[in-house]
DNA sequence: CTGTTAGCGCATTCAT
DNA sequence: ATGAATGCGCTAACAG
């Protein structure tokens, strides 16, 4: 009972050959209806289950895909992964999840060990783009293992990506603040060597300029996506001679830190200062003072990334081409920025 | 360049045999220092990488373990998984994550497809225990695939588990409320066919009884772990003739719903009514009115579950034995229940 | 110390 | 329509 039954076992039982069993099971080649039926039936009787490992060795496909993210315990990435799984499971694929914790070496290690595990593809959100990590990517490309970036991408020839229009998200968030009457809008930025943060910065800047406000570079400070960092940086803003009357943060976590700091200073939100975050993490909705944020439709992003992977893995014959899908973000207005609500 | 190099390639280059190469690479048997060095060096030159699939087929080990959880986009489960990965990655294992979304059929399907993928073990938190799903579990046991439960377990002979002492966590949470002077403490319960929720209920009940308060079954209502459900159920409490002055919730999400509903009724927290949750989800700390909750040390739980798996997978020879590890939860007191703070 | 042989489980030529 | 033979890449048993 402990030994698994193979196609040989069922072949022996039926006095036929393993090849025939294989054919019957895969209802591939021409085979007599009678034997197919017989094989299928006894296969069920003997609790036969295909050994995917053997199949993988034979076919070179493991039906595993690797997903690399900075971290898993953030709602955004967890939701993207959920989208990927929803799309891939029905097709028989499994998902192997790796975290980089924003460490460059782990990113490389993860790629290597996924390659080692013979994954059929890699979907990833890069951690940082300062150090050149192209060797790992080239390895994937050389081996024809489809690589798809989502959210945090890098521009590499032949590599597809699914992102959101961060520029637009930031532009609209900033425009929303301007529409609410705020004049001096600061920006809590983040590592701008990453395109997403760079684009959020640019969208913010453009909205400021397009609407006739003064763009002041000193109102842009780069920090890390942590609550405590958000507090620290916000303190700098609040201590300015001409302090800002609104903050557009590129992260919900720093937005939260900003709110804490503002309250600690005895200022009111959104009357004195307004705050807008980015990502629509669940807590932004849960807070008593709910936080306006930009939704990135992470589940959809995951599903689409998975679809792109499926296309690439199936179109092996055709000429390679890269595909860049850009989703439209959605501003979710909540209490932290709704100055005019009562007036309407 | 696209073809991967195998041990045969490097054997040919060196005019030795593949077996020798294999030995050198695994620095196993006795082998001359010279050839080993030579093999290692040319292996590096030729960019050799072991094909784990072949190894898996040969050894019967895939170095993949399956992790099954109700959902991934909850901080608790994401953190447990993180703990599992931290422990398993250094040992060369990969983690395949499956979600059940609390659906029984998905639980069964996931086990089957993990089995199909030849995983070396399954770590899981069961979704519900109403329907008997023992066939799937028996399959695992028959095939000697280690199965370890974490958090949400089922009592099955030979299966180890890592849980927290939910009874104690609930007892202390309730005791804390009693110590703060609350007299009429309600309990927002959850599906008690799951041991964790049953034990939280029992801990609550025992604390009430031990401290000379009246245990009133009508103050216990079972609901689902969602914010909206928490609100609905809390409304029932608030509409009672003798309404409770405190609520111990078996979930942070229902606790949050309770808080919303209480505020909507114009009551003050914790002065009028106090609220305590369970799980220490991040938002409980983030809220302006931070929520007292019970921490379950999820990362530690994941690490230990992984360790138990490693023990089982390595001690194949010895007699099987089950191991039950129970972690001690920790009450984190925050604003939602600290009535006496100002007095101290 | 190293070569030979064989097999893990399967799918796929080439025969028949 | 089916059988025989082969190889995917690796390790282990048995010789030498």
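Chains as they are written, first to last, in this note's numbering: chain A, 1 to 344; chain B, 1001 to 1344. Where a beta carbon is used, it is the ideal one built from N, C-alpha and C, also for glycine. Predicted, not measured: the structure shown is a model, and the values here were computed from it.
Check: Inter-residue Cα distance where the pair is residue 1007 (chain B) and residue 1077 (chain B); Outcome: 41 Å
Check: Inter-stretch contact at 8 Å, needing at least 3 Cβ pairs: the region 1111–1119 of chain B / the region 1273–1291 of chain B; Outcome: no
Check: Backbone secondary structure at residue 331 (chain A) - three-state DSSP; Outcome: strand
Check: Candidates A:68, A:215, A:120, of which the one nearest residue 104 (chain A) by Cα; Outcome: A:68
Check: 8 Å Cβ cutoff, residue 1078 (chain B) in contact with chain A; Outcome: yes
Check: Assigned secondary structure, residue 179 (chain A) (DSSP; H/G/I helix, E/B strand, else coil); Outcome: helix
Check: Beta carbon proximity, residue 1271 (chain B) to chain A, threshold 8 Å; Outcome: no
Check: Cα-Cα separation between residue 1038 (chain B) and residue 13 (chain A), rounded to whole angstroms; Outcome: 49 Å
Check: Short CB-CB distance (under 8 Å) between residue 94 (chain A) and chain B; Outcome: yes
Check: Burial state of residue 1073 (chain B), where buried means 16 or more other Cβ atoms lie within 10 Å; Outcome: buried
Check: Meets three-Cβ-pair contact criterion under 8 Å: the region 1012–1031 of chain B and the region 193–206 of chain A; Outcome: no
Check: Terminal residues of the beta strand (DSSP E) in which residue 163 (chain A) lies; Outcome: 160–164
Check: Per-residue contacts from residue 52 (chain A) into chain B (C-beta, under 7 Å); Outcome: 1116, 1117, 1118
Check: Reduced DSSP category for residue 188 (chain A) - H, G, I as helix; E, B as strand; rest coil; Outcome: strand
Check: Partner residues on chain A for residue 1309 (chain B), Cβ-Cβ distance less than 8 Å; Outcome: The contacting residues do not exist; residue 1309 (chain B) stays about 17 Å from chain A at best.
Check: Nearest-angstrom Cβ-Cβ length linking residue 1248 (chain B) and residue 1177 (chain B), presumed shorter than 8 Å; Outcome: 6 Å
Check: Length of the line joining the Cα atoms of residue 1391 (chain B) and residue 1328 (chain B); Outcome: An answer regarding residue 1391 (chain B) cannot be provided, because it is not within the stretch 1001 to 1344 covered by chain B.
Check: For residue 1066 (chain B), the residue or residues it bridges with in DSSP; Outcome: B:1096, B:1122
Check: Sequence-distant residues of its chain with Cβ nearer than 7 Å to residue 88 (chain A) (five each side left out); Outcome: 65, 95, 306
Check: Residue 276 (chain A), enclosing beta strand (DSSP E) - first and last residue; Outcome: 274–276
Check: Burial state of residue 41 (chain A), where buried means 16 or more other Cβ atoms lie within 10 Å; Outcome: exposed
Check: Test item: CB-CB of residue 1299 (chain B) and residue 1275 (chain B) under 8 Å; Outcome: no
Check: Beta carbon of residue 279 (chain A) nearer than 8 Å to that of residue 190 (chain A); Outcome: no
Check: Residue 259 (chain A) - DSSP class collapsed to helix/strand/coil; Outcome: helix
Check: Residue environment, residue 52 (chain A), which counts as buried when at least 16 other CB atoms sit within 10 Å; Outcome: buried
Check: Bounding residues of the beta strand (DSSP E) (the contiguous stretch that carries residue 147 (chain A)); Outcome: 147–150
Check: CA-to-CA distance, residue 313 (chain A) to residue 1079 (chain B), given in whole angstroms; Outcome: 32 Å
Check: Closer than 8 Å to chain A by CB, residue 1147 (chain B); Outcome: no
Check: Beta carbon of residue 1234 (chain B) nearer than 8 Å to that of residue 1261 (chain B); Outcome: yes
Check: Beta carbon of residue 1188 (chain B) nearer than 8 Å to that of residue 1221 (chain B); Outcome: yes
Check: Cβ neighbour criterion (16 or more within 10 Å) applied to residue 159 (chain A); Outcome: buried
Check: Proximity to residue 226 (chain A) [Cα-Cα], best of A:277, A:63, A:266; Outcome: A:277
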